[in-house]
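Chains as they are written, first to last, in this note's numbering: chain A, 22 to 413; chain B, 136 to 400. The beta carbon of each residue, even a glycine, is placed where N, CA and C say it ideally should be. Data block below; observations after.
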Amino acid sequence: MSHPKTVQEIVIVGAGLAGLIQYRALQSRGFKPFLIDPRPQHALGLSNADTRSTALTPRAVGLLGLSDDWLREHGQQITEMVVDGGLSPALRREASLNLDSGAWVVFNRDLTQFLLDTTDIQGRFEQAVVGSAVEGGQRIVRLNDGHQIGARVVIAADGKNSQLRRAEDIQSHQRDFHQTALTGRIKHTAPHQGRAFQRFLPGGTLAFLPLRSDDKDGNHASSFIWVEPTSKAKGLFSLSPDTLVERMQVRFGDALGTLSAPQDPAWGQFPLRAHHCETIVGERLALIGEAAHAMHPLAGQGLNMTIKDAAALTEVLVAQRRLGLDGGDGQALLDYQRERRADTARITALTTGLHDVLDRSPAPVRALAASGLEMIERFPPIKALLRREADR
Amino acid sequence: MLDTEQTSTNTGHTVDPAEVEKFTKMAASWWDPQGDFRPLHKLNPTRIRFLTEQIAKHFDRDLDSPLPFAGLRILDVGCGGGLVCEPLARLGADVTGVDATPANIPVAQIHAEQMGLEIDYRVATVAELVESGERFDAVLALEIIEHVNDPPAFVTDVVGARAEGGVVFMSTFNKTLRSFALGIVAAEYVLQWLPKGTHDWRRFVPPAEMFKMIEANGLRPERIKGFMFNPLLDKWMLTDDTSVSYIACFKSPIDQPPVEPEFAL
Chain A
22 MSHPKTVQEI VIVGAGLAGL IQYRALQSRG FKPFLIDPRP QHALGLSNAD TRSTALTPRA
82 VGLLGLSDDW LREHGQQITE MVVDGGLSPA LRREASLNLD SGAWVVFNRD LTQFLLDTTD
142 IQGRFEQAVV GSAVEGGQRI VRLNDGHQIG ARVVIAADGK NSQLRRAEDI QSHQRDFHQT
202 ALTGRIKHTA PHQGRAFQRF LPGGTLAFLP LRSDDKDGNH ASSFIWVEPT SKAKGLFSLS
262 PDTLVERMQV RFGDALGTLS APQDPAWGQF PLRAHHCETI VGERLALIGE AAHAMHPLAG
322 QGLNMTIKDA AALTEVLVAQ RRLGLDGGDG QALLDYQRER RADTARITAL TTGLHDVLDR
382 SPAPVRALAA SGLEMIERFP PIKALLRREA DR
Chain B
136 MLDTEQTSTN TGHTVDPAEV EKFTKMAASW WDPQGDFRPL HKLNPTRIRF LTEQIAKHFD
196 RDLDSPLPFA GLRILDVGCG GGLVCEPLAR LGADVTGVDA TPANIPVAQI HAEQMGLEID
256 YRVATVAELV ESGERFDAVL ALEIIEHVND PPAFVTDVVG ARAEGGVVFM STFNKTLRSF
316 ALGIVAAEYV LQWLPKGTHD WRRFVPPAEM FKMIEANGLR PERIKGFMFN PLLDKWMLTD
376 DTSVSYIACF KSPIDQPPVE PEFAL
């Protein structure tokens, strides 16, 4: 049976944030990428269950090309990061840490909308990829309507459970933290003054990222991520928003005044799992974003890593094009992998390690301290904690 | 890669399916970055960078514009599977690839077709092209002179295929102790990058000897760079050290006023 076949320059599978960021990066350098997603195109920005927000590093802001105007309208810059241990005696004695991050907190949803509004998107929607193979110098993806699309390089931006990754038999090392995160927006009576909070509690973490204040009633807002062991989270997170806020207030204290749930909370929960892959490239295939790696949200690095993936892959493809070389060339994709792997492994290990330190010290603490991970050095309270734990 | 001792005059017009199947398999090998030609794949971006930058400079083309080499006729002598021809064709050049090993030509043709590139591949020697009167804006003889029987005659033919105002590129191994240690002992015996016996050190050509042969044909060296493998980056780099292998660009003194050479022999 013969199916219709079309050829594109570069195919991106998955029109989530990773796919859209990659699309935009490639388009801005003169490529003609082509998106494939199972959702209808008009629904990409709607029905967005992603209640997460991200602290974009200044580098990520630059790579995305976010204007000052957009940032002022949708973002809040972090002026200070307050890290403490809540009830944990080990951390309680630590003073808060001044983190001069310059990071901008934005809702993933707003970022998605920005990308959709400012990008001229070509693609096939309401179509899932049901198969893919390399043939005649192209990777061909097969859609569920039988249509085939060939490209010199296919970029898998199809998330944590990437079908393309699985079909290629690329091994992914999973790590289930047996934790569940609840995330969303919360109102509070005291201004956050640009402060972010990270409070390490026994068994879980409660973190707040400041949001741009837009409430006419003088209320202030932050985005929260509340992590609890999954066993405990099942009951806890099914409580009513008002009851949850009370519990949150007990755990967090009054640094932000009185907390309250917004009118339509739309909070979302998701299980925390990390994974990394031994290889993030296949024949004419490159993995980006959560298809390539997922990490514990503790350090809030996930989306920043995705942005760096997209930027690195774009640069490799630009360099190839300038030399007239085939973009899906094995050497080029290895360049992308080399560029990204060390950074990804380091951050994944770090965030996993950080989780372990706070969850199950002191045994893993020694290993982590011995490995001399860079971020520990940059994170004085954690460093002090490690030193103390290691001395015990 | 190539031997100038021509063994066949197969023009490849009548290819039977079994042959195509065989060539397709070989094409996979020529173009498999992990296959027999792995060292060439690793070296390729580095030598292509040297070629494209020199060609762009000589013909005043902007590599950041689309199809920067449009209108230029380029000849690759000993083109093998087309590793150099294809990038140049993608940049817009009108590329001819010749190889005296007949089996290489259909391999290169099939791959170019897969890539959607139009390249004129032929089983021929450069001498035959010169004789037929064809001339090219750039003539490349890369990693090839070490495989020919009469290097001075080969250089004369390569230079002879150059059109007026054109450039010639040559690359090969130097004849030093280092090139013996790295180019033969390491590459063939220790790292096994290349099949044993791929190269014969006695056929390597030092830059001074190369320059003498080139100058005897009226050209002068414009630029020379060495290739150096960086094991940490797993990449080849261009360097001023030409003691192992090198690539050089040659022009006519008439085309450009003589300048202080920026290399040492």
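Is the shortest distance between the beta-carbon of residue 37 (chain A) and the beta-carbons of chain B less than 9 Å? Proximity of residue 37 (chain A) to chain B, defined by a Cβ-Cβ separation below 9 Å, is not satisfied.
Give a yes or no on whether 9 Å exceeds the smallest Cβ distance from residue 190 (chain A) to chain B. For residue 190 (chain A), the answer is no, since every Cβ of chain B falls outside 9 Å of its Cβ.
Would a C-beta distance cut-off of 9 Å place residue 243 (chain B) and residue 217 (chain B) closer than the cut-off? yes
Can you look up residue 125 (chain A) in the DSSP assignment and give me helix, strand or coil? strand
Integer Cβ distance of residue 347 (chain A) from residue 250 (chain B), believed to fall under 8 Å: Indeed they touch by this definition, with Cβ atoms about 7 Å apart.
Tell me the residue span of the alpha helix (DSSP H) that contains residue 24 (chain A). Counting along the chain, residue 24 (chain A) falls outside any alpha helix (DSSP H), and DSSP gives it neither H nor E.
Cβ of residue 221 (chain B) less than 9 Å from any chain A Cβ? yes
Whether or not the segment 241-248 of chain A and the segment 167-183 of chain A are in contact is what I'm after, with contact meaning three or more pairs of Cβ atoms, one per stretch, closer than 8 Å; do they touch? no
Contacting residues, own chain, Cβ-Cβ under 8 Å from residue 188 (chain B) (five flanking each side not counted): 198
DSSP state of residue 241 (chain A) mapped onto helix, strand, coil: strand
When you compare the CB of residue 187 (chain B) with every CB in chain A, is at least one pair closer than 9 Å? For residue 187 (chain B), at least one C-beta of chain A is nearer than 9 Å to its own C-beta.
Of the choices A:354, A:309, A:295 and A:353, whose alpha-carbon is the least far from that of residue 34 (chain A)? A:309
Cβ contact check for the segment 26-41 of chain A and the segment 124-140 of chain A: 3 or more pairs under 8 Å: yes
So with CB distances below 8 Å, who are the chain A contacts of residue 250 (chain B)? 158 and 347
Rounded C-alpha distance that separates residue 352 (chain B) from residue 292 (chain B): 10 Å
Can you name the start and end residues of the beta strand (DSSP E) that residue 259 (chain B) belongs to? Premise fails: residue 259 (chain B) is in no beta strand (DSSP E) and is neither H nor E.
To be precise: take each residue of the segment 205-238 of chain A, compare its Cβ to all Cβ atoms of chain B, and keep it if any distance is under 7 Å. Which residues remain? none
Return helix, strand or coil for residue 381 (chain A), following the three-state DSSP convention. A caution first: residue 381 (chain A) carries a pLDDT of 49, below 50, which makes its placement in the model unreliable, though a value can still be read off. For residue 381 (chain A), the secondary structure class from DSSP, reduced to helix, strand or coil, is helix.
Proximity of residue 351 (chain A) and residue 169 (chain B) at Cβ, strictly below 9 Å: Contact flag set, yes.
Could you give the uninterrupted runs of the alpha helix (DSSP H) lying entirely in the segment 183-264 of chain B, keeping only those of 4 residues or more? Counting only runs of 4 or more, we get 220-225 and 239-249.
Hey, would you say residue 225 (chain B) sits closer than 9 Å to residue 345 (chain A), going by beta carbons? yes
I want to verify the contact list: residues of chain B whose CB lies under 7 Å from the CB of residue 344 (chain A), in sequence order. Residues of chain B whose Cβ lies closer than 7 Å to the Cβ of residue 344 (chain A) are, in chain order, 180, 183, 184, 187 and 222.
Using a threshold of 9 Å, state whether the C-beta atoms of residue 204 (chain A) and residue 80 (chain A) are closer than that. Result no, Cβ atoms of residue 204 (chain A) and residue 80 (chain A) do not sit closer than 9 Å.
If I'm right that residue 219 (chain B) touches residue 312 (chain B) with Cβ under 8 Å, what's the distance once you round it to whole angstroms? That pair is no contact at about 29 Å.
Helix, strand or coil at residue 49 (chain A) [DSSP, three-state]: Here residue 49 (chain A) sits in helix by DSSP.
May I ask you to verify whether the segment 210-217 of chain A touches the segment 186-200 of chain A, counting CB pairs closer than 8 Å and requiring at least 3? no
Under the rule that 16 or more other beta-carbon atoms within 10 Å means buried, what is residue 32 (chain A), buried or exposed? buried
Does DSSP put residue 165 (chain B) in a helix, a strand or coil? helix
Hey, does residue 282 (chain B) have any beta-carbon neighbour from chain A nearer than 9 Å? no
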